[in-house]
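Structure, as structure tokens:
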Amino acid sequence: MADIGKSSFVVVANRLPVDRVVSIDGSATWRRSPGGLVTALAPVMRSVEGAWVGWTGSPDDAPDPFSTDDMDLVAVPLSAQEVGEYYEGFSNATLWPLYHDVIVAPEYHREWWDAYRRVNDRFAHAVAGVAAEEAVVFVQDYQLQLVPAILRRLRPDLKIGFFLHIPFPPTELFAQLPWRRQILEGLLGADLVGFQREGAAENFASLAERYTDATAESRQVRTADGRTVHVQSFPISIDVSEITDLVSDPDVLARSDHIREEVGAPKHMLLGVDRLDYTKGIGHRLKAFGELLAAGDLTPDEAVMVQVATPSRERVEAYQTLRDDIELQVGRMNGEYGTIGQPAVHYLHSSYERVELVSLLRAADVMVVTPLRDGMNLVAKEYVAARTDLGGALVLSEFAGAADELGDGAFLVNPHDIDGLKRTLLAAMRLDAAEATQRMKLLRERVLSNDITRWAESFLTSLRAA
Ligand code: ADP
Ligand code: F6P
Numbered sequence: 373m374a375d376i377g378k379s380s381f382v383v384v385a386n387r388l389p390v391d392r393v394v395s396i397d398g399s400a401t402w403r404r405s406p407g408g409l410v411t412a413l414a415p416v417m418r419s420v421e422g423a424w425v426g427w428t429g430s431p432d433d434a435p436d437p438f439s440t441d442d443m444d445l446v447a448v449p450l451s452a453q454e455v456g457e458y459y460e461g462f463s464n465a466t467l468w469p470l471y472h473d474v475i476v477a478p479e480y481h482r483e484w485w486d487a488y489r490r491v492n493d494r495f496a497h498a499v500a501g502v503a504a505e506e507a508v509v510f511v512q513d514y515q516l517q518l519v520p521a522i523l524r525r526l527r528p529d530l531k532i533g534f535f536l537h538i539p540f541p542p543t544e545l546f547a548q549l550p551w552r553r554q555i556l557e558g559l560l561g562a563d564l565v566g567f568q569r570e571g572a573a574e575n576f577a578s579l580a581e582r583y584t585d586a587t588a589e590s591r592q593v594r595t596a597d598g599r600t601v602h603v604q605s606f607p608i609s610i611d612v613s614e615i616t617d618l619v620s621d622p623d624v625l626a627r628s629d630h631i632r633e634e635v636g637a638p639k640h641m642l643l644g645v646d647r648l649d650y651t652k653g654i655g656h657r658l659k660a661f662g663e664l665l666a667a668g669d670l671t672p673d674e675a676v677m678v679q680v681a682t683p684s685r686e687r688v689e690a691y692q693t694l695r696d697d698i699e700l701q702v703g704r705m706n707g708e709y710g711t712i713g714q715p716a717v718h719y720l721h722s723s724y725e726r727v728e729l730v731s732l733l734r735a736a737d738v739m740v741v742t743p744l745r746d747g748m749n750l751v752a753k754e755y756v757a758a759r760t761d762l763g764g765a766l767v768l769s770e771f772a773g774a775a776d777e778l779g780d781g782a783f784l785v786n787p788h789d790i791d792g793l794k795r796t797l798l799a800a801m802r803l804d805a806a807e808a809t810q811r812m813k814l815l816r817e818r819v820l821s822n823d824i825t826r827w828a829e830s831f832l833t834s835l836r837a838a
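The sequence shown maps to residues 373 to 838 in our numbering.
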């Protein structure tokens, strides 16, 4: 067991930022998982020997604390039953749909809530054990909303920040939650609560006033015990330099050209890259594309759609139903409009290495991002970062957090409006080169001026000042 000391900076998230890699001889090592958050926090971690507390992603898996990439990793164990009740249940079948506009009906089960409380308590105790006196603790996302208050009771000396990566719903929806007061009080344990969008910060402040003993004045919430909780929006971003480096590699550009050939060298390659999640509007975009083919507005040799649907939360029933629905839809479209060697939709149910993903982004003429609700949507920003050539067009749902920043250069759509979506797809495909360049310049200015490093600095600066 590595000898890990106390840390003055601790990140706590549902998952650890590493994946276990098992070699042929059976020995296991850990590899840093791709992701902007860990990249952004790595310099802080390195400078203060920070710690990251999280779950490995496997049930009953509790390696001793260990160090990698200049940070200490502390694994929180979850039993198989807890994975079912805390992760798949309360986090992803109660909170996830509730916070995403109840696109599917949230399920409320008291035993799931009990598991959520118990697991949040375990995470908080793990942090309390590893945090140095007056350390800064940065709690991530909806799986851990009770951690701030539990931690404050255990360790009043700590500075606690919380960031919600997903939307925070309005009163009419949040009010459904049988444990709404407890969740709000959990979050109010933090010194700073951060959200993706202004509207989410407003929702939280007014809900805290309505359902707890706190009072809210603008962006400061005063708790019953006299503390001030700061509430603010911090739109998250991506590691722009990672993508810029990848697309400056001639092999990536060659791969990108090759992908276009492999899909039949169409005039327009449309691309969607999403976790296979009902929030992402995959069915809506397929429907719009299918209707364009059906009406003859597009032909399959003129435009193809590539849809990467990343496997996700596969034991949760709503995700299983979604997969069946999408695969039925893709099968029908290909049966209807495809020919031998030329499907209308290239459907890929797989995870990819970053280099392949970025090659795909660079190959696409039109990036189609149509979530029905999304906290931010990093793929939209990654597409913009990949277009160093100022080519391509972005079709973006107004219900993605990214629309706040990218609305000027993107083609904004309401994905529920299928006719509007069809018109927008055609407009994006028929864009003249000068306007395309102009739009992409605007998009790139926005993405390059707020990358993930800036986001992390901004959050941590506000937290230290809170
Ligand atoms: P969410 O957090 O809901 O999954 P985002 O678009 O904000 O959605 O972030 C998804 C992240 O996962 C992006 O960084 C994206 O590049 C990555 N990603 C999505 N699909 C794949 C895939 N098939 N293989 C590898 N990475 C993926
Ligand atoms: O952005 C929301 C989020 O749940 C993150 O917390 C997580 O990293 C990502 O989506 C993938 O979800 P999961 O950890 O459930 O696979």
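Just so it is clear, CB atoms sit at the ideal spot from N, CA and C, and this is done for glycine as well.
Bear in mind the structure is a predicted one, so any value in this text is a computation, not a measurement.
What's the C-alpha gap between Ala437 and Leu642? A small fix is needed here, since residue 437 is Pro in this sequence, not Ala. Computed Cα separation, rounded: 44 Å.
Quick one: residues with CB closer than 5 Å to any heavy atom of ligand 2, in chain order, please. For ligand 2, the residues with a Cβ under 5 Å from any of its heavy atoms are, in chain order, Asp513, His537.
So, under 8 Å CB-CB, Phe546 and Leu579 are touching, yes? Tell me the CB distance rounded to an integer number of Å. 6 Å
Give the secondary structure of Ile538 by DSSP, where H, G and I count as helix, E and B as strand, and everything else as coil. coil
Express the C-alpha separation of Pro520 and Arg726 in angstroms, rounding to a whole number. Within the model, the alpha-carbon separation for Arg726 versus Pro520 is close to 33 Å.
In angstroms with no decimal places, state the Cα-to-Cα distance between Ser380 and Val508. 6 Å
For Thr595, does the three-state DSSP call read helix, strand or coil? coil
Under the assumption that Asp737 contacts Met801 (Cβ atoms under 8 Å), give the Cβ distance between them as a whole number of angstroms. Yes, Asp737 and Met801 are in contact; Cβ-Cβ is about 7 Å, under 8 Å.
Does the beta-carbon distance from Leu564 to His537 come in below 7 Å? no
Using a Cβ-Cβ cut-off of 8 Å (strictly less than) and excluding sequence neighbours within five positions of Ala690, which residues of its own chain qualify? Ala465, Pro469, Val476, Tyr650
Please go through the same chain and pick out, in chain order, the residues whose beta-carbon is closer than 7 Å to the beta-carbon of Ser615, but skip the five residues on each side of it. First, the residue type needs correcting, since residue 615 is Ile and not Ser in the sequence shown. Cβ within range, chain order: Val730, Glu754, Ala757, Ala758.
Exposure of Lys531, with buried meaning 16 or more beta-carbon neighbours within 10 Å: buried
Residues that DSSP places opposite Ala423 in a beta bridge: Val382, Asp444
Rounded to the nearest angstrom, what separates Thr742 and Gln548 at their Cα positions? 26 Å
Three-way DSSP call (helix, strand, coil) for Thr651 in this model: helix
Simplified DSSP assignment, three categories, for Trp485: helix
In terms of residues, what are the limits of the alpha helix (DSSP H) holding Gln810? Unbroken alpha helix (DSSP H) run through Gln810: 805 to 821.
Run the proximity test for Glu614: is its beta-carbon closer than 6 Å to any non-hydrogen atom belonging to ligand 1? no
Limits of the beta strand (DSSP E) - the one that Arg524 falls within: No beta strand (DSSP E) holds Arg524; the alpha helix (DSSP H) holding it covers 519 to 526.
Tell me whether Pro683 is buried or exposed, calling it buried when 16 or more other Cβ atoms sit within 10 Å of its Cβ. exposed
Given a cut-off of 7 Å on the beta-carbon distance, is the pair Ser830 and Phe576 in contact? no
Within the present structure, is the beta-carbon of Leu729 separated from the nearest heavy atom of ligand 1 by less than 6 Å? yes
Should Thr584 and Leu559 be called a contact, given that it needs their Cβ atoms to be closer than 7 Å? no
Out of Thr711, Arg685, Val680, Gln714, which one is the CA nearest neighbour of Glu342? Nothing can be reported for residue 342: it is not among the residues displayed for the chain, which extend from 373 to 838.
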